[in-house]
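**Student:** If you scroll down you'll find the structure; I have some questions about it.
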Amino acid sequence: MASTGNPGLHAGTTSAAKPPGSSGTRNSMPSGSGNTDFPNATPPTFSAAGGGPTVPAAGPSNSNMSESARTILKPRGVSTRKPPASLRISAKEAISFGSSMVTLRVGEGDNLQTLTIHENILRTRSTLLQNTVNDAKDKDNEQKSFDFSKDDPQAFALYTQLIYSGRLPSKTEPHEASEEYTLLCKLYVLTQRINDIKASNAAMDAIFDRSREPTPDTSTLPGGEHVRLIYNGTSKPCAARRLLLHFYTYRATAKWMDEDLPLEFVNDLARSLLERRAFPAEDVTKICKSKDYHDQEVVEEVVDEAAGNAGAGNDVKE
72 MASTGNPGLH
82 AGTTSAAKPP
92 GSSGTRNSMP
102 SGSGNTDFPN
112 ATPPTFSAAG
122 GGPTVPAAGP
132 SNSNMSESAR
142 TILKPRGVST
152 RKPPASLRIS
162 AKEAISFGSS
172 MVTLRVGEGD
182 NLQTLTIHEN
192 ILRTRSTLLQ
202 NTVNDAKDKD
212 NEQKSFDFSK
222 DDPQAFALYT
232 QLIYSGRLPS
242 KTEPHEASEE
252 YTLLCKLYVL
262 TQRINDIKAS
272 NAAMDAIFDR
282 SREPTPDTST
292 LPGGEHVRLI
302 YNGTSKPCAA
312 RRLLLHFYTY
322 RATAKWMDED
332 LPLEFVNDLA
342 RSLLERRAFP
352 AEDVTKICKS
362 KDYHDQEVVE
372 EVVDEAAGNA
382 GAGNDVKE
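Okay, here's the thing in structure tokens:
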């Protein structure tokens, strides 16, 4: 994957330092007591070889510099961002890719895709895939291809991106939130089936992050399609089910129930709402009357069709 560069680091943006005394440049350091921006700043010195300015160390003479002075004194072209804490690891934590490759045939028909992955990667991430490879080796050492015809190719491709790069290239445009939720829910179902908890948690993080992003319409949260994907793809309580229940418990409106929702989810939602409802100050069933719960008799006017037809015939004759 092509990485995006740091916008603050561009080749050719650092200009050569000009000798002291030159004027008309924004990099020249003002001096003298009349400068209110730099009351106690010590001007930088230049090396005899014509190199860049040497910024004096912070001390009593420049500790009271204004923020604008500190900005100018900061060396240009140097990134001030700190690397992530996990960038450097010990050699023991390095991934051993190995040379053995495994081919996975995912999907079927026109949706069939073939993925080639390092065997060691699969072994360290998924117990199901590890057992699949081991069982095949026990029967035939030459078998390196496996069928996953019932799995979604897009989800498996996203899973491959995750285990190799640690990233999920699922981000869509703001108005395409539903499409991203669909892909992430399929990824979650896949990772649950192959028992890769780290990948499941990554999918949950992505769903949660997406729910916090603003969108131009109201489709900011998972809907009925995503509830069906999770409930039909998992067979027990899990993190994704719990998150969907909380979305519907705390943020949904009655209109959300117009969608085709799994009965199991509706039952879970009813229990969740009952557990978290705020009890009213008064119990309506104790202050109302029994007649408030009577069915109202509906009186319908019955028209004698035969009599009506006869009357119509008489009218014609007359």
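Sequential numbering from 72 applies to the sequence shown in the numbering used here. Even glycine gets a Cβ: it sits at the ideal position worked out from N, Cα and C.
Using DSSP with H/G/I as helix, E/B as strand and the rest coil, what is Ser-220?
**Tutor:** DSSP places Ser-220 in coil when its eight states are reduced to three.
**Student:** Just curious, the beta strand (DSSP E) that Ile-188 is in, first and last residue?
**Tutor:** Start and end: 184-189.
**Student:** Thinking just about the alpha-carbon of each residue, which of Pro-240, Leu-261 and Glu-284 is nearest to the one in His-246?
**Tutor:** Comparing Cα positions, the closest option is Glu-284.
**Student:** Does the segment 253-264 come close enough to the segment 290-305 that 3 or more CB-CB pairs lie under 8 Å?
**Tutor:** Touching, yes, given that three or more Cβ pairs across the two stretches are closer than 8 Å.
**Student:** Can you tell me where the beta strand (DSSP E) with Met-275 in it begins and where it stops?
**Tutor:** From DSSP, Met-275 is part of no beta strand (DSSP E) but of the alpha helix (DSSP H) over 268-283.
**Student:** Report all residues from its chain with a CB closer than 8 Å to the CB of Met-172; omit the five preceding and five following residues, and keep chain order.
**Tutor:** Taken in chain order, the residues that qualify are Thr-187, Ile-188, His-189, Glu-190 and Lys-215.
**Student:** Is it buried or exposed, Tyr-449, if we count other Cβ atoms within 10 angstroms and call 16 or more buried?
**Tutor:** Because the chain in this structure spans residues 72 to 389, residue 449 falls outside the shown range and cannot be described.
**Student:** Pull the bridge partners of Leu-344 from the DSSP assignment, please.
**Tutor:** Answer is none; Leu-344 lacks a bridge partner.
**Student:** If you draw a straight line from the alpha carbon of Asp-354 to that of Val-298, how long is it in whole angstroms?
**Tutor:** Near 34 Å, if we compare the C-alpha coordinates of Val-298 and Asp-354.
**Student:** Pick from Ile-278, Leu-239 and Glu-296: whose alpha carbon is nearest that of Asp-331?
**Tutor:** When each option's Cα is compared against that of Asp-331, the closest is Glu-296.
**Student:** When burial is assigned at 16 or more other CB atoms within 10 Å of the CB, is Val-204 buried or exposed?
**Tutor:** By the 10 Å Cβ count, Val-204 comes out buried.
**Student:** Which class does Val-173 belong to by DSSP, given the choice of helix, strand or coil?
**Tutor:** In this structure, Val-173 counts as strand in the three-state DSSP scheme.
**Student:** Would you mind sorting Ser-167 into buried or exposed? The rule is 16 or more other CB atoms within 10 Å of its CB.
**Tutor:** Burial call: exposed.
**Student:** Hey, which unbroken runs of the alpha helix (DSSP H) at 4 residues or more fall wholly within the segment 307-361?
**Tutor:** The segment 307-361 contains these whole alpha helix (DSSP H) runs: 310-322, 334-347 and 355-358.
**Student:** Look up Phe-227 in the DSSP assignment and say whether it is helix, strand or coil.
**Tutor:** Three-state result, Phe-227: helix.
**Student:** Go ahead and pull the three-state DSSP assignment for Ser-161.
**Tutor:** Of the three classes helix, strand and coil, the one that applies to Ser-161 here is coil, per DSSP.
**Student:** Between Asn-272 and the rest of its own chain, which residues show a CB-CB distance below 8 Å, the 5 nearest in sequence each way excluded?
**Tutor:** Answer for Asn-272: Ala-310, listed in chain order.
**Student:** With distances taken from CA atoms, which of Asp-366, Ala-352, Lys-326 and Phe-318 is nearest Asp-339?
**Tutor:** Nearest C-alpha to Asp-339: Phe-318.
**Student:** Assuming contact is defined by CB atoms lying nearer than 9 Å, are Phe-217 and Leu-175 in contact in what I supplied?
**Tutor:** Result yes, Cβ atoms of Phe-217 and Leu-175 sit closer than 9 Å.
**Student:** Relative to the alpha-carbon of Asp-181, which residue among Leu-254, Gln-225, Ser-197 and Leu-199 has its alpha-carbon at the smallest distance?
**Tutor:** Considering only alpha carbons, the answer is Gln-225.
**Student:** Are the beta-carbon atoms belonging to Leu-255 and Ala-277 less than 9 Å from one another?
**Tutor:** Result yes, Cβ atoms of Leu-255 and Ala-277 sit closer than 9 Å.
**Student:** Helix, strand or coil: which one does DSSP assign to Asp-366?
**Tutor:** Of the three classes helix, strand and coil, the one that applies to Asp-366 here is coil, per DSSP.
**Student:** Determine the direct distance from the alpha carbon of Leu-292 to that of Ala-207, and round the result to whole angstroms.
**Tutor:** For Ala-207 and Leu-292, the distance between alpha carbons rounds to 42 Å.
**Student:** On the premise that Thr-320 lies in contact with Leu-300, defined as a C-beta separation below 8 Å, what is that separation, rounded to the nearest angstrom?
**Tutor:** The pair is not a contact, with the Cβ atoms about 19 Å apart (cut-off 8 Å).
**Student:** Comparing alpha-carbon positions, which option in Lys-362, Glu-371, Leu-316 and Ile-192 lies nearest Asn-346?
**Tutor:** It should be pointed out that residue 346 corresponds to Glu in this sequence rather than to Asn. The residue with the shortest Cα to Cα distance from Glu-346 is Leu-316.
**Student:** Just mark Phe-219 as buried or exposed, buried being the case when its beta carbon has 16 or more other beta carbons within 10 Å.
**Tutor:** When all chains shown are included, Phe-219 counts as buried.
**Student:** If you drop the 5 nearest sequence neighbours on each side, which residues of the same chain put their C-beta closer than 7 Å to that of Val-177?
**Tutor:** Correct list, in chain order: Gln-184, Leu-186, Phe-219, Asp-222, Pro-224 and Phe-227.
**Student:** Rank Thr-243, Ala-325, Lys-257 and Arg-322 by C-alpha distance to the C-alpha of Thr-286 and give the top, closest one.
**Tutor:** Minimum Cα distance to Thr-286 is reached at Thr-243.
**Student:** What would DSSP say about Ile-234, mapped onto helix, strand or coil?
**Tutor:** Correct three-state label for Ile-234: helix.
**Student:** Compute the Euclidean distance between the alpha carbons of Asp-329 and Ala-323, then round it to the nearest angstrom.
**Tutor:** One C-alpha to the other measures close to 12 Å.
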